[in-house]
């Protein structure tokens, strides 16, 4: 036990423990407010650190997706050019094959006329001429047989070449559709990742409804937007898969309608943040997000500008 000396002048004085109006209605309310203020400052600091970490991670993911999209676009352009060249070569081969077929048919027609002429000569009554014509007929028959075999081989080879060319054309058109599919889905996935990141930021600061009264409305808007993006991704995949199936069933890429991708825009956030924390500037900070449409360029994270830079 430690002895404490008290002046005789104040030893019998009373201590006022009544609430100090107008700053507190109950005893100890000022101390409670100071403790709550300290807790809020710690939460604010922790939320800012989480925000910076997720922002860096989001920037890295966006950069990777942009590089992947650029690579897919270049591959798509190269595939389309190769497909155009291949279709041109295929058309030239088909025309050449049709011309050769016509020439062979004309030669076959001429040989048939000769055979008919030899056959009619049997009735002439001249044995010598008959034998001569018979020899010629056998010679022509052998020649015709050889020509027929050559023609059948040419037709068979032409069919095989055509089937191979057709399969290559189908594979090339399927490859083009696959590249288009990956390109469009990649754009939508970028928007999806950005919406998920923003929604996480809103959920992190949802512990203080008084500072952000429209939090629930904004979260609902972003959840609805994220759901729409997810549905659009599935819709795009389904449309591309249907076109790929149609190509494999015999349709041409030029005959198919273009896949329609809806233009989605990020929801607008017009909430005004009012921060009344000592040590910060007492000016309201407007949080508005105006992301670009996906067809106007890759949007950056449309996050509100928090007053973390003023924290001491």
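Numbering (the UniProt record's numbering), first residue to last: 1 to 312. Even for Gly, the Cβ is constructed at its ideal location relative to N, Cα and C.
(request) Verify whether the separation of the beta carbon atoms of residue 215 and residue 202 is less than 9 Å. (result) yes
(request) Please list, in chain order, all residues of the same chain as residue 75 whose beta carbon is under 8 Å from its beta carbon, the five residues on each side excluded. (result) 179
(message) Distance check for residue 200 and residue 193, CA to CA, integer angstroms please.
(response) 11 Å
(message) Just to confirm my understanding: we take residue 283, look at its own chain, exclude 5 residues before and 5 after, and list those with CB closer than 8 Å. What are they?
(response) With a pLDDT of 32 at residue 283, under the threshold of 50, the predicted position of this residue should be treated as unreliable, though the coordinate-derived value follows. There are no such residues.
(message) Considering only the alpha carbon of each residue, which of 265, 231, 197 and 253 lies closest to residue 318?
(response) The structure shown does not extend to residue 318, since the chain is modelled only from 1 to 312, so the question has no answer here.
(request) Under the assumption that residue 69 contacts residue 187 (Cβ atoms under 8 Å), give the Cβ distance between them as a whole number of angstroms. (result) Approximately 7 Å separates the beta-carbon atoms of residue 69 and residue 187; this is inside 8 Å, confirming the contact.
(message) Quick check on residue 243: buried or exposed, where buried means 16 or more other Cβ atoms within 10 Å of its Cβ?
(response) buried
(message) When you compare the region 168-185 with the region 131-148, are there three or more beta-carbon pairs, one atom per stretch, that lie closer than 8 Å?
(response) no
(request) Over the uninterrupted alpha helix (DSSP H) stretch that includes residue 225, give me the two end residues. (result) 215-248
(message) Taking 8 Å as the cut-off, does the region 225-234 touch the region 75-90 (at least 3 CB pairs, one atom from each stretch)?
(response) no
(request) Please state whether DSSP places residue 268 in a helix, a strand or coil. (result) Residue 268 sits in coil when the DSSP states are folded into three classes, being neither helix nor strand.
(request) Could you tell me the distance, in whole angstroms, from the CA atom of residue 267 to the CA atom of residue 34? (result) Going from the Cα of residue 267 to the Cα of residue 34 covers about 37 Å.
(request) For residue 191, count neighbouring C-beta atoms within 10 Å of its own C-beta (all shown protein chains included) and say buried if the count is 16 or more, exposed if not. (result) buried
(message) Suppose contacts are defined by Cβ-Cβ distances below 9 Å. Is residue 118 in contact with residue 134 by that definition?
(response) yes
(request) Under the assumption that residue 185 contacts residue 236 (Cβ atoms under 8 Å), give the Cβ distance between them as a whole number of angstroms. (result) 6 Å
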